[in-house]
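Numbering (the working numbering), first residue to last: 9 to 444. A virtual CB, placed ideally from N, CA and C, is assigned to each residue, including glycine.
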Amino acid sequence: MLLQLGSVPTIVISSAAAARELFKFHDLASCSRPLLHANRRIAYNYLDISSTPYGDHWRNVRKICMLELFTSRRVESFREIREQEVGRLVNSITQSSSASSPIDLTQKSYSLTANITTRVAFGSIFSGGKLDDEHFQRVIKRAVAAIGSFSMTDFIPTFGWIIDRLNGVHGRLEKSFAEMDAFFQHVVDDRINFKKTSKNEENIVDVLLRMERESAESDALKVTQDCIKALIKDIFIAGVETGADVIIWAMRELVRNPRVMKKLQDEIRSCIKEDSVKEVDLEKFEYLKMVVKEVLRLHPPAPLLVPRETISPFKLNGYDIDPKVHLHINVWAIGRDPQSWTDPEEFFPERFIESNVDYKGQNFELIPFGGGRRICPGMNMAILTVELALANLLRCFDWKLPNGTKEEDVDMGEDVGIIIAKKSLLKCIPDLSSNF
């Protein structure tokens, strides 16, 4: 579909066949990023992996991410953090469940992913009091809203900026940028001033600060504090809200489908006799992996992925695509395409039995993390967090809807934004499992 949005030609890809042709044959020609107004002010275009246009800078920072920050070894090194934070989540629900009153799973899920990301990126010791949970959540939520806001300047550059100033878009972007920049600067300063007592405590900011020191002594890529802030911004924007939303969508689908929930609980409880599920146990749960795939198919965190911009001309499905065209890959529509899926609106994890379809960028009917050069580098970290959280929530508790709410009455309405979030909070009553 070709849309002319002001002065910007925009193509929307909504089929697995078109996505396959784009990623397999034209990935390099279409892997840049448009310099949207929000990106220029919010996304730190110094060395930002998600928003920087394709070129030497982007290739170098991608190396940093893949060789230093998101290697299998690095992700595995944070296993204890993930298990501890999921344990804290279970304990907090256990304490709340004694009153048999509904708990807010939306808030619990957001706190879980925020705590894991905070500890992975920053460590657990801070010198100041500015990094409290409430302040952190406000900063991230406002940043996500600002990045996802519509800016007339992007589509009508000649006078769009006037409209943006009048309707407050420009002011909100500037305020969000200043707030986020100050927040991450405080984090960087805190880690510089904190004297570690063990090398095992090295977190992502420590790794980047080490690379900053090493780059100052060589001719390699210069890693600056602006680069560091750009990368940790990516980690938080991409990881906190999206991970929480996948957990919430999964729990919402499960309470609407008691058959699936019981089958998944039976799988987990029959395999695990201990009080909690550890990451090493996740490979045992085939049905859990099917459930997560089905949630990602129906509720991809970013419904249109992050927009791409073409670099050079190419043909796509017989059509001529020019440079400087914006590309949106509609993974929400691809995941519900009846040409790829039987009964696509139905939540049916069994469709993945004896299926090789996965979400790792090679099966184009299921690409919630994107594909090609711009595939999400934090995919493995995200999946481990989601699977571990769901396994423990279902191992330890039986979940009921409050106030006699029926399964078919569960609200599935979606909010507007770059991330598909729920309009309403998810509140459920947890009962301690007799197996816990």
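The DSSP-derived three-state label of Gln370 is coil. In the pairwise beta carbon analysis, the segment 331-345 is classified as touching the segment 312-321: at least three pairs are separated by under 8 Å. Per DSSP, reduced to three states, the secondary structure at Trp340 is helical.
Cα atoms of Asn400 and Val152: separation of roughly 28 Å, rounded to the nearest angstrom. For the 8 Å CB-CB criterion, Leu374 and Lys301 form a contact.
Distance from the Cα of Ser184 is smallest, within the candidate group Arg146, Phe405 and Pro17, for Arg146. Going by beta carbons, Arg305 and Leu434 fall outside the 8 Å limit. Under the three-pair Cβ rule at 8 Å, the segment 35-43 counts as touching the segment 370-384. For Pro315, there is no enclosing beta strand (DSSP E), as DSSP marks it with neither H nor E. DSSP places Tyr327 within a strand segment (E or B) once states are collapsed to three. In this structure, the alpha-carbon of Ser117 lies about 20 Å from that of Phe130.
Here Pro385 is near Phe78, since their CB atoms are less than 8 Å apart.
Around the CB of Thr350, fewer than 16 other CB atoms lie within 10 Å, so the residue is classed as exposed. Lys281 and Pro357 have their alpha carbons spaced roughly 25 Å apart.
Nearest to Asp234 by alpha-carbon distance, out of Gly343, Thr125, Glu220 and Val299, is Glu220.
Between Leu262 and Ile276 a beta carbon distance of about 12 Å is seen, past the 8 Å cut, so the two are scored as non-contacting. By the C-beta density criterion, Pro321 is exposed, having fewer than 16 other C-beta atoms within 10 angstroms. Contact between the segment 15-31 and the segment 335-346 is present: 3 or more CB-CB pairs across the two stretches fall below 8 Å. A direct Cα-Cα distance of roughly 16 Å separates Lys149 from Phe158.
Here Gln233 carries a helix assignment [DSSP, helix/strand/coil].
Residue state for Trp407 is assigned as strand, using DSSP reduced to three classes. The segment 373-402 contains no complete alpha helix (DSSP H) run of 4 or more residues.
With a 10 Å radius around the Cβ and a threshold of 16 neighbouring Cβ atoms, Glu88 comes out exposed. Contact between Lys241 and Phe192 holds: CB atoms are separated by about 6 Å, below the 8 Å threshold.
Annotated as proximal: Leu30 and Leu324, with beta-carbon spacing under 8 Å. Sequence-distant partners of Pro110 (beyond 5 residues in either direction) whose C-beta falls short of 7 Å from its own C-beta, in its chain, are Pro410, Lys435, Cys436 and Ile437. Beta-bridge partners assigned by DSSP to Thr250: none are found. Nearest to Ile361 by alpha-carbon distance, out of Met298, Met160, Phe372 and Ala310, is Met298. Between Val69 and Ile236, the alpha-carbon positions lie close to 10 Å from each other. Ile171 and Asp189 have their C-alpha atoms roughly 25 Å apart. With at least 16 other beta carbons inside 10 angstroms of its own, Arg90 counts as buried.
For the segment 250-282, the continuous alpha helix (DSSP H) assignments of 4+ residues that do not extend past its boundaries occur at 266-279, in sequence order. One alpha carbon belongs to Asn371, the other to Phe293, and they sit about 22 Å apart. Under the three-state reduction of DSSP, Leu296 is assigned to helix. Our two residues, Gly179 and Asp162, have alpha carbons roughly 16 Å apart in a direct line. Glu93 places its beta carbon 8 Å or farther from that of Ile72.
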